[in-house]
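Q:
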Amino acid sequence: MVQWTGGAARSAAAVAMVLGLAATGCGGGEGGGSPEIRYSWWGNAERAEMMREAIALFEEEHPDITVTPTFSEYDTYWEKLSTQVAGGGMPDVLQMDNAYLREYSDRGVLLDLKQHKQSLDTSGLLEGLSTAGVIDGARYGVPIGGNTFSLVYAPELFDEAGAPMPEDGWTWQEYDEALTAVSEHTGGDLYGASDYTGLIWVLEAQLRQEGGELFTDSGELGFGRDRLAEFWESAAGLREDGAVVPADEAEQVKPLAPLGANLSASEFTWDNMLTRYVEESDLDLELAPLPTDSGDSGQYLKPSMLLSASAQTGNPDAAAKLVDFMINDPRVAEIFGGNRGIPATEGQREAIDYTEVDQAIVDYEDDRMSDLQEAPPAPPAGAGALETEFIRLSEEVHHGQMSPDEAAGEFVSFAERTLSS
Numbered sequence: 005m006v007q008w009t010g011g012a013a014r015s016a017a018a019v020a021m022v023l024g025l026a027a028t029g030c031g032g033g034e035g036g037g038s039p040e041i042r043y044s045w046w047g048n049a050e051r052a053e054m055m056r057e058a059i060a061l062f063e064e065e066h067p068d069i070t071v072t073p074t075f076s077e078y079d080t081y082w083e084k085l086s087t088q089v090a091g092g093g094m095p096d097v098l099q100m101d102n103a104y105l106r107e108y109s110d111r112g113v114l115l116d117l118k119q120h121k122q123s124l125d126t127s128g129l130l131e132g133l134s135t136a137g138v139i140d141g142a143r144y145g146v147p148i149g150g151n152t153f154s155l156v157y158a159p160e161l162f163d164e165a166g167a168p169m170p171e172d173g174w175t176w177q178e179y180d181e182a183l184t185a186v187s188e189h190t191g192g193d194l195y196g197a198s199d200y201t202g203l204i205w206v207l208e209a210q211l212r213q214e215g216g217e218l219f220t221d222s223g224e225l226g227f228g229r230d231r232l233a234e235f236w237e238s239a240a241g242l243r244e245d246g247a248v249v250p251a252d253e254a255e256q257v258k259p260l261a262p263l264g265a266n267l268s269a270s271e272f273t274w275d276n277m278l279t280r281y282v283e284e285s286d287l288d289l290e291l292a293p294l295p296t297d298s299g300d301s302g303q304y305l306k307p308s309m310l311l312s313a314s315a316q317t318g319n320p321d322a323a324a325k326l327v328d329f330m331i332n333d334p335r336v337a338e339i340f341g342g343n344r345g346i347p348a349t350e351g352q353r354e355a356i357d358y359t360e361v362d363q364a365i366v367d368y369e370d371d372r373m374s375d376l377q378e379a380p381p382a383p384p385a386g387a388g389a390l391e392t393e394f395i396r397l398s399e400e401v402h403h404g405q406m407s408p409d410e411a412a413g414e415f416v417s418f419a420e421r422t423l424s425s
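Position one of the sequence shown corresponds to residue 5 (the numbering used here), numbered consecutively onward.
#1: Measuring straight from C-alpha to C-alpha, what distance separates A197 and I69?
#2: May I have the straight-line CA-CA distance separating D429 from P334, to the nearest angstrom?
#3: Which same chain residues, not among the five before or five after D362, have their C-beta less than 8 Å away from its C-beta?
#4: Could you have a look at G166 and say whether DSSP puts it in helix, strand or coil?
#5: CB-CB under 7 Å to S187, same chain, minus the five flanking residues each way: which ones, in chain order?
#6: Quick one: is Q435 buried, meaning 16 or more other Cβ sit within 10 Å of its Cβ, or exposed?
#7: Helix, strand or coil: which one does DSSP assign to S314?
#8: Closest to D132 by CA distance: which of D125, T152 and R111 is it?
#9: Can you tell me whether DSSP reads P383 as helix, strand or coil?
#10: Alpha carbon to alpha carbon, how far is A269 from S109?
#11: Using a Cβ-Cβ cutoff of less than 7 Å, which residues in the same chain neighbour A27 once the five nearest sequence positions on both sides are dropped?
#12: Using the C-alpha atoms, what's the distance from G216 back to S374?
#13: For F418, which residues does DSSP report across the bridge?
#14: How long is the line joining the alpha carbons of L155 and L130, rounded to whole angstroms?
#15: If we call anything under 7 Å between Cβ atoms a contact, is P170 one with A292?
#16: Would V416 and R229 qualify as a contact pair, given that the criterion is a beta-carbon distance under 7 Å?
#17: Is A185 near G173, with beta carbons less than 7 Å apart?
This is the structure:
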């Protein structure tokens, strides 16, 4: 079991250090035609300090290349990038989210890194991540880290309630029974889970367990109105019986998830989120396999984030060298640990002295590796907007303001308009 033991975050002075580094050109050589590349990512002051250390190592290794870094919070990052793309001022190397990869590759603004194999070695990527970032044979991104969908739960509460315990092959009915048992055991002071039909990733897991998919290879919706209505309806009994957190209570604790706010005993999420939940929750938490009615896990390795390069960069080889360094050099892994997800390459995974919580994530992934399925292709442009709409409509269902069938019809119509635009 993993319980948060604390640890102060690095000072916001890291921001000033990185911005100061950017202002002075990162200490690279002046003149002589030495390439200067701009590197942009999202994150906070703690990640900025880590990045400063990693960039300093890269420049020691490549004294002829200067790196100018910039960073922003997540939402601001994408706003800036959109403006930079429109104005022709993209950074040479940029952090990329898998949800946006196809959108930017379709716009022709990302470099095909396969054309720079002499500067970028991707042979060390984990098998489940080896094709992440590849679209139509071109490599537009390289994963930095990976994660898989999972169940985070409080085993002591499950055990005390006499609930079915998570194990390989347990069913969705057994999970629902566990939620009911936990809620009854606590007398309603703590619920079995948040309403998992609010997560599009739970729907994806169920579809994959059935042999289906969230999106087709051609970028269309992989399910119809009836299947979505069935999904939202499937937790109606749990909502009525008080086995899952009521919608109004879940709303009140935002931005915390119910598990982090000590309202529930389990939550479906990506496994690297264990780090967040053990910090927020008072419960001892573990990772568990997903329920399944088919025997297939539906799980796969998803890139937690990727690195891409601009198609307009004047120094593509230098950009590729920076990407190579960030995914392969073991010293970079030692600096970041699990901050950006568990590393995507074998060499970096082996280089880290993991914290207790990160080691729990590594162990979970290693245990699940033989059950993981092939990862789906990068989602189509507009997938991010679909997830936002899915959340909105699921909340309408959970509040009783729309029927599952009505909400499903509205979502499918929205998806068809969004994916065809």
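Each residue gets a CB set at the ideal place from its N, CA and C atoms; glycine is no exception.
Only a predicted model underlies this, so the values are computations on that prediction, with no experimental measurement involved.
A: In terms of the structure at hand:
#1: Counted from its first residue, the sequence shown places residue 197 at position 193. Counted from its first residue, the sequence shown places residue 69 at position 65. Cα to Cα, the separation comes out at about 50 Å.
#2: This structure cannot settle anything about residue 429, because the visible part of the chain is limited to 5 through 425.
#3: Residue mapping note: residue 362 aligns to position 358 of the sequence shown, counting from 1. For D362, the CB contacts under 8 Å within the same chain, skipping 5 residues up- and downstream, are T279, G341, G342, I346 and I356 in chain order.
#4: As a position in the sequence shown, residue 166 is number 162, starting the count at 1. Reduced to three states, the DSSP call for G166 is coil.
#5: The sequence position of residue 187 within the sequence shown is 183, counting from 1. Excluding sequence neighbours, S187 sits near Y195, G196, G246 and A247.
#6: In the structure as shown, the chain starts at 5 and stops at 425, and residue 435 therefore has no counterpart that could be examined.
#7: In the sequence shown, counting from the first residue as 1, residue 314 sits at position 310. It is a strand residue.
#8: Against the sequence shown, residue 132 aligns to sequence position 128. Looking at the sequence itself, residue 132 is Gly, so the reference to Asp does not match. With distances taken between Cα atoms, G132 lies closest to T152.
#9: Numbered from its first residue, the sequence shown carries residue 383 at position 379. The answer is coil: DSSP assigns P383 none of H, G, I, E or B.
#10: Here residue 269 refers to the residue found at position 265 of the sequence shown. Here residue 109 refers to the residue found at position 105 of the sequence shown. Distance from the CA atom of A269 to the CA atom of S109, rounded to whole angstroms, is 40 Å.
#11: Translated into the one-based positions of the sequence shown, residue 27 becomes position 23. Bear in mind that a pLDDT of 35 at A27, under 50, signals an unreliable position, so the number given afterwards is only what the model happens to contain. Cβ neighbours of A27 beyond the five flanking positions: none.
#12: For this step, residue 374 is matched to residue 370 along the sequence shown. For this step, residue 216 is matched to residue 212 along the sequence shown. Pairing S374 with G216, the inter-Cα distance amounts to about 20 Å.
#13: To locate residue 418, count along the sequence shown from 1; it is residue 414. Paired residues: none, contrary to the question.
#14: Walking along the sequence shown from the start, residue 155 turns up at place 151. Walking along the sequence shown from the start, residue 130 turns up at place 126. Roughly 22 Å between the two C-alpha positions.
#15: On the sequence shown, position 166 is the one that residue 170 refers to. On the sequence shown, position 288 is the one that residue 292 refers to. Yes.
#16: Your numbering for residue 416 matches position 412 in the sequence shown. Your numbering for residue 229 matches position 225 in the sequence shown. Yes, Cβ-Cβ distance for V416 and R229 is below 7 Å.
#17: Counting from 1 along the sequence shown, the entry for residue 185 is found at position 181. Counting from 1 along the sequence shown, the entry for residue 173 is found at position 169. No, these two residues do not count as a Cβ contact at 7 Å.
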